[in-house]
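Below: the structure, in structure tokens.
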Amino acid sequence: MFLKRAFLGLLGGLAIAATISMPAYAESGSVLQSVLSSGKLRIAVLGSLPPYSTVGADGVPVGYDIDIAKKLAAALKVEPEFVVTDIPSRVTSLQTGKVDVTIADFTRNVERSTSVAFSNPYVVTNMRLLVSESAPYKTIEEANAAKIRVAISRGGTAERAVPAHLPNAQIVRFNTQADELSALLSGQVDAMAEDDFYNRKAISDNAGKLRQVDGSLARAEIAIGVPAGDADWLRVVNLFVDQFNASSDNKALFNKWFGFDQPSLQAQY
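In our numbering, the protein residues as written are 1474 to 1742.
Shown next, in the form of structure tokens:
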């Protein structure tokens, strides 16, 4: 009898703990209903990845991803609530129910899709090496032979892509792309691995100092992350992305923040 009571007590305690840790929307199984009833859309964003997103001196997030988040909130007729996070926490913020969506230069892949779900992409690009203008290597193969120091972001796509293409490279990890770029410009590293669109903006902002190495490290389908297991919420977010891509809104916002025309999404599939 004692063991039976102890066992039942343990089960009860586990049930209480699960209820406490469970996201607020998990009981109804619908993020959508939670968003609509609260009147707020909680969005995980990065704080130092211009022009995708950055936090200004006034503490207000701005950027391409921020404007997309505002449009999603407007479509749902709710207020956007931004939660600044780091790269690894883009996944855990969704898993723990801290946010409703992640819009943060978030590349969808199979590994991440085992933990969270993704919308259709709103940007398709490639990861490439950004180096100083004076660097002697022109290709990925030459950079690998030179055993260069490559800056990457912790928890990002580069964690797998760079070692796969540059097995001889020394990997140097940073928390933000801003730190990577600073290290590259100061000569602390020889290259950084980031998507082509980010690199092109960095080259433009640092005239005569940077260039890209020929070749792709990885294909990057950038999408909106949502909690796994909620098909209704994913349906709504997917519909928003499809309409955003089909209209002129995506092209206009991309040109506003990157300074050049967005390549066709279809042409890159």
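Just so you know, even glycine gets a beta-carbon here, dropped at the ideal spot from N, CA and C. The structure presented is a predicted model; accordingly, all values stated were derived computationally and were not measured.
How is the beta strand (DSSP E) around N1599 delimited, first residue to last?
-> V1596 to S1605
When DSSP labels each residue in this structure, what does I1560 get in the three-state scheme?
-> coil
Who pairs with D1540 in a beta bridge, going by DSSP?
-> Per DSSP, none; premise fails for D1540.
Would you mind giving the Cβ-Cβ distance between A1548 and F1713, rounded to the nearest angstrom? I have them listed as a contact below 8 Å.
-> 6 Å
The beta strand (DSSP E) enclosing F1733, as first and last residue numbers = Per DSSP, F1733 belongs to no beta strand (DSSP E) and is neither H nor E.
Within the stretch 1666–1704, note down every full beta strand (DSSP E) run reaching 3 residues or more, in order along the chain.
-> 1683–1685 and 1691–1700
From the DSSP output, which residues share a beta bridge with E1746?
-> The requested residue 1746 is not part of the displayed model; the chain covers only 1474 to 1742.
Return the first residue and the last residue of the alpha helix (DSSP H) that L1658 is part of.
-> Q1650 to L1658
Identify, in the order they occur along the chain, each residue of the same chain with its Cβ nearer than 8 Å to the Cβ of Y1537, setting aside the five sequence neighbours on each side.
-> P1524, Y1525, S1526, L1726, F1727, K1729, W1730 and F1731
Inspect the beta-carbon positions of L1514 and D1705 and report whether they are closer than 8 Å.
-> no
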